[in-house]
Amino acid sequence: MANTDEQTPGWTYLMDMDGVLVHEEHLIPGADRFLAELQESGTPFIVLTNNSIRTPRDLRARLLKSGLDIPERSIWTSALATATFLRNQRPEGTAYVVGESGLTTALHDIGYVLTDNDPDYVVLGETRTYSFEAITTAIRLVERGARFIATNPDATGPSRDGSLPATGSVAALITRATGREPYYVGKPNPLMMRSALRAIGAHSEHTLMIGDRMDTDVVSGLEAGLQTILVLTGISTRESVEAFPYRPTVVLDSVADLVGRTADPFA
Numbered sequence: 000m001a002n003t004d005e006q007t008p009g010w011t012y013l014m015d016m017d018g019v020l021v022h023e024e025h026l027i028p029g030a031d032r033f034l035a036e037l038q039e040s041g042t043p044f045i046v047l048t049n050n051s052i053r054t055p056r057d058l059r060a061r062l063l064k065s066g067l068d069i070p071e072r073s074i075w076t077s078a079l080a081t082a083t084f085l086r087n088q089r090p091e092g093t094a095y096v097v098g099e100s101g102l103t104t105a106l107h108d109i110g111y112v113l114t115d116n117d118p119d120y121v122v123l124g125e126t127r128t129y130s131f132e133a134i135t136t137a138i139r140l141v142e143r144g145a146r147f148i149a150t151n152p153d154a155t156g157p158s159r160d161g162s163l164p165a166t167g168s169v170a171a172l173i174t175r176a177t178g179r180e181p182y183y184v185g186k187p188n189p190l191m192m193r194s195a196l197r198a199i200g201a202h203s204e205h206t207l208m209i210g211d212r213m214d215t216d217v218v219s220g221l222e223a224g225l226q227t228i229l230v231l232t233g234i235s236t237r238e239s240v241e242a243f244p245y246r247p248t249v250v251l252d253s254v255a256d257l258v259g260r261t262a263d264p265f266a
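Following numbering that gives the first Met the number 0, the numbering of the sequence shown begins with 0 at its first residue and continues without gaps.
Structure follows, in structure tokens:
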């Protein structure tokens, strides 16, 4: 049970974006009031997404259209987590990137040179238009010894017309061709959570993770030492929770249920 003693520092909130705050471009009812309460009380929070396509600035603009005013500094993407990982592993390295501006900008910002000439890494992220030529180049570079990194293992992503192939599916293609598995940085790797915590100077002991998926949000929160809240506005259901060998700290219908109790969410 969470410690709710008055001397305990206040909670820091990590939360997934899609399925928790928004569905596609539509606000989940009550998400605006929930975030407003966090902001009014000065509660630290950060919004996480495994999607690496957009920069935090782009995501802020997208969320504003949905009715959510979230500062850039409070948005953490798998592209930022990947850049942080690479900066720590091999500062000022080189990479061949299959991805869009969210990923290329993050790598440029840490001083990486993007090249197809004997790069240190092949870095794979989402793109709306995967190029067969780019994937072929990635395969050949991995075969020649480039280290293989992927922003996240998500096999599909949503669209208005149905599922789209995402990073995990293309990574599987490269793996099948090369025999080399990538290192995935995004959820469910708890590294994603830890890099977000460091980005805002928070400590796991007083941090909780809100997500809509047992197999990514909840498990990565648990493995990072966080309290976890599963909301039922996305993928997982009360019934599907029972299929997993681990459980969230709390299951709620929506983040709207936290309005009025963000200071003591486990009371």
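Quick reminder that beta carbons are idealized off the backbone N, C-alpha and C, glycines included.
Asked, Found
"Contained alpha helix (DSSP H) runs [length at least 4] in the region 53-116, N- to C-terminal order", "55-65, 77-88, 100-108"
"Alpha carbon of Asp15 to alpha carbon of Ala195, nearest angstrom", "12 Å"
"Beta-bridge pairing of Tyr120 - partner residues as DSSP gives them", "Ala94, Arg146"
"Residue closest to Asp47, alpha-carbon to alpha-carbon, out of His22, Leu231, Trp75, Thr83", "According to the sequence displayed, residue 47 carries Leu and not Asp. Of His22, Leu231, Trp75, Thr83, the residue nearest in Cα terms is Trp75."
"Beta-carbon proximity check, Leu123 vs Thr93, cutoff 7 Å", "no"
"7 Å Cβ cutoff met for Val141 and Val121", "yes"
"Distance, Ser253 Cα to Leu231 Cα", "6 Å"
"Local conformation of Met16 per DSSP, three classes", "coil"
"Nearest to Asn116 (by Cα), restricted to the options Glu132, His107, Arg139, Arg175", "Arg139"
"Through-space distance from Ala60 to Tyr245, alpha-carbon basis", "36 Å"
"Test item: CB-CB of Ala154 and Ser168 under 7 Å", "yes"
"Boundaries (first-last residue) of the beta strand (DSSP E) holding Val250", "249-251"
"Chain C contact for Ala255 (CB, 7 Å cutoff)", "Of the protein chains in the structure, only one exists, and it is not chain C."
"Stretch-stretch touch, CB-based, cutoff 8 Å, three pairs: the region 125-133 with the region 103-110", "no"
"Continuous alpha helix (DSSP H) stretch holding Gly220: start and end", "218-222"
"Arg53, buried or exposed, once every other Cβ within 10 Å from all chains shown has been counted against 16", "buried"
"Buried or exposed (CB count within 10 angstroms, at least 16 for buried), Thr114", "exposed"
"Exposed unless 16 or more other CB atoms sit within 10 angstroms - verdict on Glu180", "exposed"
"Collapsed DSSP secondary structure at Val240 in the structure displayed", "helix"
"Contact under 7 Å by Cβ, Pro189 with Ser219", "yes"
"Limits of the alpha helix (DSSP H) - the one that Ala208 falls within", "Per the sequence shown, the amino acid found at residue 208 is Met instead of Ala. Per DSSP, Met208 belongs to no alpha helix (DSSP H); it is in the beta strand (DSSP E), 206-210."
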